[in-house]
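Chemist:
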Amino acid sequence: MKITTKFWIGIVVLILLSPLGLILPEHFKAGSAWGEWGADEIQKLVGYVPKGLEKLAGLWNAPMPDYAFKGWEEKGLSYLSFVYIVSAVLGIVIIVAAMYLIGKLLASKGD
Amino acid sequence: MHIPDGYLGPTTSGLFYVIMVPIWAAASKFVKKTLKASQVPLLAIGAAFSFVIMMFNVPIPGGSTGHAVGGVLVAILLGPWAACIAITVALVVQALMFGDGGITAIGANCFNMAFVLPFVGYYIYKALSHNAPVDSYRRVLAAGVAAYIGINVAAFLAGVEFGMQPLLHHTESGQALYCPYGLNIAVPAMAGEHLLIFGWVEAIVTALVVKYLQKQAPSMIQEKEG
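If you read the sequences in order, they're chains A and B. Residue numbers for the first sequence follow numbering that gives the first Met the number 0, beginning at 0 and rising by one. Residue numbers for the second sequence follow numbering that gives the first Met the number 0, beginning at 0 and rising by one.
1. Pull out every residue of the stretch 70-86 of chain A whose Cβ sits closer than 8 Å to any Cβ of chain B, in chain order.
2. Do you know whose CA, among B:A81, B:S128, B:A153, lies nearest V209 (chain B)'s CA?
3. Can you give me the Cβ contacts of P145 (chain B) inside the same chain, cut-off strictly under 6 Å, excluding the 5 residues immediately before and after it?
4. Where does T205 (chain B) fall in DSSP's three states?
5. So M98 (chain A) and A216 (chain B) are supposed to be a Cβ contact under 8 Å. How far apart are they, rounded?
6. With C-beta atoms as the reference, is P132 (chain B) less than 9 Å away from H26 (chain A)?
7. Please determine if the stretch 66-75 of chain A and the stretch 105-118 of chain B are in contact, where contact requires at least 3 C-beta pairs separated by less than 8 Å.
8. For L72 (chain B), report the span of its alpha helix (DSSP H) as first-last.
9. Are the beta-carbon atoms of V73 (chain B) and S37 (chain B) separated by less than 9 Å?
10. Hey, which unbroken runs of the alpha helix (DSSP H) at 4 residues or more fall wholly within the stretch 163-222 of chain B?
11. Just reading off the alpha helix (DSSP H) that N108 (chain B) is part of, what are its end residues?
12. Does A96 (chain A) pass the burial test, meaning 16 or more other C-beta atoms within 10 Å, or should it be called exposed?
13. What separation, rounded to the nearest whole angstrom, lies between the Cα atoms of G256 (chain B) and S86 (chain A)?
14. Which first and last residues belong to the alpha helix (DSSP H) in which E53 (chain A) is found?
Spelled out as structure tokens, the structure:
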């Protein structure tokens with residue numbers, strides 16, 4: 000088997016295991032990453048929401064915020080795990096397409 | 000380590016875009032010189048790997064979470080300039096598609112994770128593994144140490160970027176406008192959790208893959224020119 004094939008299998012395995020990155024923090028009651036709090040969390044942490052932060056925080060509306068569908072936040076962990084895998088697949092499809100495009104622009108022909 | 004929108008003031012976000020533009024240009028130039036069409040799939044796999052490994056949030060029980068970046072591994076296998084491009088693409092997709100990392104902070108996040116992290120890691124790996132046989136244990140250890148240091152330097156810098164904000168931007172009454180924590184809190188927090196936990200995740204992942212490749216594809220980890 001070619002090494003690239005083995006790598007792709009590895010990527011697929013990682014995609015399928017990715018919900019661990021959602022389930023383990025939930026299980027161990029770990030909060031947000033440091034410096035990645037939402038406005039509510041900041042309010043709790045420092046007692047106010049910095050003005051500039053409040054203005055900029057909502058600047059961009061990502062189509063799948065936090066690797067989930069909008070409005071699915073309250074659904075159970077199994078739903079969220081499923082969407083996490085969907086996010087991984089979508090993200091990787093976009094990234095691979097972008098890399099092939101960039102590769103085509105940059106790479107010299109031949110071996 | 001994905002700085003969101005609103006944590007960095009306009010000066011800092013702008014500065015890092017200004018710093019990153021020539022780095023991205025240099026990366027394209029160097030990769031254009033060396034990249035062969037047959038290596039494009041590997042470049043795509045590198046970017047995909049970095050993206051998916053960052054989804055594995057590792058919890059500090061009752062505390063925060065963090066993750067590996069995989070960037071030192073990509074740099075060891077493809078060189079630091081190619082790694083810079085691969086990780087940049089992963090970070091841009093994370094920001095635009097999933098709101099992971101702010102769009103105003105893409106410059107800063109790319110500086111930390113797509114530039115400093117792979118370059119520091121790559122040159123430490125190169126120095127430590129110099130003249131070591133492809134199948135040697137030293138090469139595995141070098142990869143682990145390089146990954147550990149690479150991600151920790153990046154985390155330290157992220158801490159400095161966060162921590163500078165209250166100094167740069169505050170109201171007359173002293174309230175912060177952006178990141179509310181200064182250097183005395185941001186740097187120990189970012190550096191500490193990566194030194195204690197997430198750095199080890201990066202080190203173990205990198206060392207294990209290099210160990211696997213020693214048997215499976217030794218040509219990939221041979222010493223390269225430049």
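C-beta: ideal position from N, C-alpha, C; glycine also. These figures come from a predicted structure and were not determined experimentally.
Modeler: Let's see:
1. Cβ contacts with chain B: Y83, S86.
2. Of the residues B:A81, B:S128, B:A153, the one whose Cα lies closest to the Cα of V209 (chain B) is B:S128.
3. Residue identity check: residue 145 (chain B) is Ala in the sequence provided, not Pro. The residues V71, G120, I123, Y124, in chain order, have a CB closer than 6 Å to that of A145 (chain B) in the same chain once the five nearest residues on each side in sequence are set aside.
4. The answer is helix: DSSP assigns T205 (chain B) an H, G or I state.
5. Contact flag wrong, Cβ pair sits at about 20 Å.
6. Not closer than 9 Å, so no.
7. Cβ pair count under 8 Å is below three, so no.
8. That run of the alpha helix (DSSP H) goes 70-77.
9. With contacts defined as CB atoms closer than 9 Å, V73 (chain B) and S37 (chain B) fail to qualify as a contacting pair.
10. Runs found: 182-192, 198-215.
11. In the DSSP assignment, N108 (chain B) falls within the alpha helix (DSSP H) that extends over 105-109.
12. With fewer than 16 neighbouring CB atoms inside 10 Å of its own CB, A96 (chain A) falls in the exposed class.
13. No statement about residue 256 (chain B) is possible, as the shown extent of chain B runs from 0 to 225 and does not include it.
14. It spans 50-56 - the alpha helix (DSSP H) in which E53 (chain A) sits, taken as one unbroken run.
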